Amino acid sequence: MIHSMTAFGSARVDLAQGSLALEIRSVNSRFLDLHFRLPEDLRQAESPLRDLLTARLGRGKIEVRASFTRVADTASTTFDPVWLAQLADQLQQARAVIPDVAAPRLVELSNWPGQRGNDAMDPQAWSEACVTAAHEALKQLEASRAREGERLAGVMLACADDISGVVDHVTAHLPALLAEHREKLATKLRDTVASAFPSGFANISGSELSERLAQESTLFALRIDVAEEIARLRSHLTELRHILGATDSTDAAVQTSSAKPGKAAKRPTGSAGKRLDFLFQEMNREANTLGSKASSLEVTRAAMDLKLLIEQMREQAQNIE
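For the sequence shown, the positions run 63 to 383 when the working numbering is used.
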């Protein structure tokens with residue numbers, strides 16, 4: 063299945079000490095590029111999160127953001143008298159220099175780091191909460207990637223159908239184009255012989271005529287023989303549909319029959335986006351060759367249409383994992 067690299071997933075985990083929210087954003091990139099935006103108190107979770115994302119994702123620029131909120135329970139807050147005395151002494155010292163320094167409010171004292179038992183963070187618990195949230199966010203992200211990938215595959219398959227139509231059009235008109243070019247070649251040969259030998263064919267030796275005909279025939283064959291380009295384009299279209307998961311039942315049956323007994327046929331492994339990028343390079347090369355061999359305006363237009371459609375597919379493939 064084709065997956066897009068653009069997606070988003072989020073999750074929330076509640077603990078006795080508070081709650082944790084985690085978001086995963088993904089955009090297209092040539093490689094897997096991980097970025098973490100974590101509070102210092104959650105920095106210990108970066109390593110397990112990195113391992114999880116590396117195992118589940120192949121390509122894309124991934125940004126992970128996490129935040130937490132601890133439970134505020136002022137009712138159970140108890141203050142250390144020694145600490146309060148030290149704080150009062152520090153306040154007096156500060157007022158000796160800055161007389162208008164305000165005293166801390168009760169809520170500020172309650173939220174002072176380390177003054178409540180439930181303020182102490184358990185690194186293991188919060189790290190596990192990050193991983194749990196990441197699993198849920200990854201489910202959403204992968205589902206979004208699959209849906210977007212299906213839409214991208216549909217766009218490229220539509221372009222592939224258009225390319226197939228252009229190739230069929232060129233193939234159908236190829237006999238007429240060949241006949242037209244043969245007529246042009248025959249006229250050119252007659253004009254060339256008449257110009258070189260005004261007295262007629264009587265003064266032309268058989269070897270000279272054969273050599274001239276061979277030269278013109280070779281140029282003719284090289285100029286208009288696009289059968290190889292057409293065949294390769296059709297082959298590339300078959301491979302494209304296979305990569306995009308649109309292989310028909312006949313192709314699937316052939317793949318299954320060629321597989322070893324007891325083993326199912328497998329699709330090629332690796333990045334589908336990179337395989338598609340290489341495939342579009344080859345298709346563009348065939349379109350260029352077809353255009354260079356064009357013997358008519360119709361074939362030239364067909365080559366331009368092919369390049370346009372291939373470029374549209376290539377742009378879509380930039381976002382495929």
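Positions of the beta carbon are idealized from the N, C-alpha and C atoms, including for glycine.
Here the structure is a predicted model, which means the values were calculated and not measured.
Comparing alpha-carbon positions, which option in the options lies nearest residue i?
i      : options                        : result
Ala191 : Gly335, Ser297, Gln106, Leu306 : Gln106
Ile292 : His197, Asp230, Asp367, Ile86  : Asp230
Ala395 : Pro166, Arg118, Ala73          : This structure does not reach residue 395, given that the chain is present from 63 up to 383, and the question cannot be answered.
Ser226 : Leu368, Ala150, Met375         : Leu368
Arg347 : Gly307, Leu295, Val159         : Leu295
Arg87  : Leu306, Glu360, Ala69          : Ala69
Ile64  : Ala195, Asp103, Gly335, Gln154 : Gly335
Leu359 : Glu242, Ser257, His304         : Glu242
Val193 : Ala222, Pro161, Leu100         : Leu100
Leu239 : Val144, Val159, Val288         : Val288
Leu299 : Gly211, Val228, Arg112, Arg157 : Val228
Glu170 : Asn381, Leu149, Val159, Pro110 : Leu149
Skipping 5 residues on each side, what residues in its chain have a beta carbon closer than 7 Å to that of residue i?
i      : result
Gly80  : Phe130, Thr131, Arg132, Val133
Asp224 : Leu371
Ala365 : Ala349, Leu352, Gly353, Ala356
Val217 : Gln378
Gly120 : Leu94, Ser333, Glu383
His197 : none
Glu373 : none
His235 : Glu360
Ala147 : none
I need the boundaries of the beta strand (DSSP E) containing residue i, first residue and last residue.
i      : result
Val361 : No beta strand (DSSP E) contains Val361, which is instead part of the alpha helix (DSSP H) from 359-379.
Gly71  : 69-77
Going by beta carbon distance, what residues of the same chain come within less than 8 Å of residue i, once the five residues before and after it are set aside?
i      : result
Ala165 : Leu153
Pro237 : none
Ala195 : Ala73, Arg74, Val75, Leu82, Ala83, Leu84, Ala128
Looking only at its chain, what residues have a beta carbon closer than 6 Å to the beta carbon of residue i, apart from the 5 residues adjacent to it on each side?
i      : result
Ala83  : Arg74, Ser129
Gly122 : Met67, Ser88, Ser91
Met199 : Correcting the residue identity first, residue 199 is Ala in this sequence and not Met. Closer than 6 Å at Cβ, skipping near neighbours: Gly71, Ser72, Ala73, Leu84, Ile86.
Phe98  : Glu108, Val126
Ala215 : Ile64, Leu306
Pro185 : Gln106
Pro330 : The pLDDT assigned to Pro330 is 43, lower than 50, so where the model puts this residue is not dependable; a value taken from the coordinates is nonetheless given after this. Cβ within range, chain order: n/a, list empty.
Arg157 : Val163
Where DSSP assigns a beta bridge to residue i, which residues make up the other side?
i      : result
Arg127 : Glu85, Arg99
Ile382 : Ser66
Leu295 : Note: Leu295 sits in no beta bridge, so no partner.
Arg132 : Gly80
Leu94  : Gly122
From what residue to what residue does the alpha helix (DSSP H) around residue i run?
i      : result
Lys336 : 334-354
Val163 : Per DSSP, Val163 belongs to no alpha helix (DSSP H) and is neither H nor E.
Leu36  : Missing from the structure shown is residue 36; the chain here goes from 63 to 383 and no further.
Below 8 Å on the Cβ atoms is my guess for residue i versus residue j; work out the distance and round it to an integer in Å.
i      : j      : result
Arg376 : Phe340 : In fact, because the Cβ distance is near 11 Å, the residues do not count as touching under 8 Å.
Ala187 : Leu77  : 6 Å
Arg303 : Leu219 : 7 Å
Ile124 : Leu114 : Not really, about 11 Å apart at Cβ, beyond 8 Å.
At a threshold of 7 Å, does residue i count as lining the ligand SAM (C-beta to nearest heavy atom)?
i      : result
Glu212 : Inclusion of the ligand SAM in the displayed structure is not the case, the ligand content being empty and no account of it being possible.
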